[in-house]
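Asks: Here the sequence shown is numbered in my numbering, starting from 1348 and rising by one per residue. Following this message is one structure expressed as structure tokens.
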Amino acid sequence: MTELTYKRINTDHIPQLIALRLEFLTSLKGAQPQEKIDALAASLQQYYSKAIPSEALVGWMAWAGDKAVGVGAMVIREQPGHFDWPDGRLGYVLNMYTMPTYRKRGICSQILEQLIAYGKEAGLSRLELHASSEGEPVYRKYGFTEHTEPFLMLRFK
């Protein structure tokens, strides 16, 4: 197999980032109508074009030659602090995805290590994520634990 390299995501990688995000979401939610895919791709293009340069989103991609085969990113957010994290700077890890033929090669671990190192360097108070059953053992290996606060949601769309 081709040797893997890891690169921090920049705006040149937006097409590959969008493609991997769509593949990731399709693997979770199943096939979607083309108009939904197109609308999401356009929205992602807009978001990534702003969030990557401002470092509101940071991430790394695994490459096999010139093909992006894995990705992981983190949204940096600031909110009012808490006694346990007074500065309110948090990282939300998302979009951890490896193409099926490249799994079991440590890609998720390599990318997660980069995200954790970045979070520490940036002075974030904590990282959060929602884990799939497949990914949970990897996250636990790196010290992620279940959060005790309940999570509720109100949808508008």
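Where a beta carbon is used, it is the ideal one built from N, C-alpha and C, also for glycine.
1. Within the continuous beta strand (DSSP E) that includes Gly1466, where are the two ends?
2. Would the stretch 1411-1420 and the stretch 1373-1382 be scored as touching if the rule is three or more Cβ pairs under 8 Å?
3. Under three-state DSSP, which class holds His1477?
4. Quick one, are the C-beta atoms of Leu1351 and Arg1450 less than 8 Å apart?
5. Closer than 7 Å by C-beta to Ile1399: which residues in its own chain qualify, once you throw out the five before and the five after it? Chain order, please.
6. Out of Pro1362, Ala1389 and Met1443, state which residue places its alpha-carbon closest to the alpha-carbon of Glu1483.
7. Under 8 Å between the Cβ atoms of Ile1489 and Leu1459?
Replies: Put simply:
1. Residue 1466 sits at position 119 when you count from the first residue of the sequence shown. Taken as a continuous stretch (DSSP letters only), Gly1466 belongs to no beta strand (DSSP E), being part of the alpha helix (DSSP H) at Ile1454 to Glu1468.
2. no
3. Numbered from its first residue, the sequence shown carries residue 1477 at position 130. Looking at His1477 - three-state DSSP - the assignment turns out to be coil, as it is neither helix nor strand.
4. Your numbering for residue 1351 matches position 4 in the sequence shown. Your numbering for residue 1450 matches position 103 in the sequence shown. For Leu1351 and Arg1450, no; Cβs fall outside 8 Å.
5. In the sequence shown, counting from the first residue as 1, residue 1399 sits at position 52. Excluding residues within five positions, the ones whose Cβ falls inside 7 Å are Ile1356, Asn1357 and Thr1358.
6. One-based indexing of the sequence shown puts residue 1483 at position 136. Of the listed residues, the one whose Cα sits closest to Glu1483 is Met1443.
7. Taking the sequence shown and counting its residues from 1, the one referred to as residue 1489 is at position 142. Taking the sequence shown and counting its residues from 1, the one referred to as residue 1459 is at position 112. First, the residue type needs correcting, since residue 1489 is Tyr and not Ile in the sequence shown. Yes; because the gap between Cβ atoms is below 8 Å, this pair is in contact.
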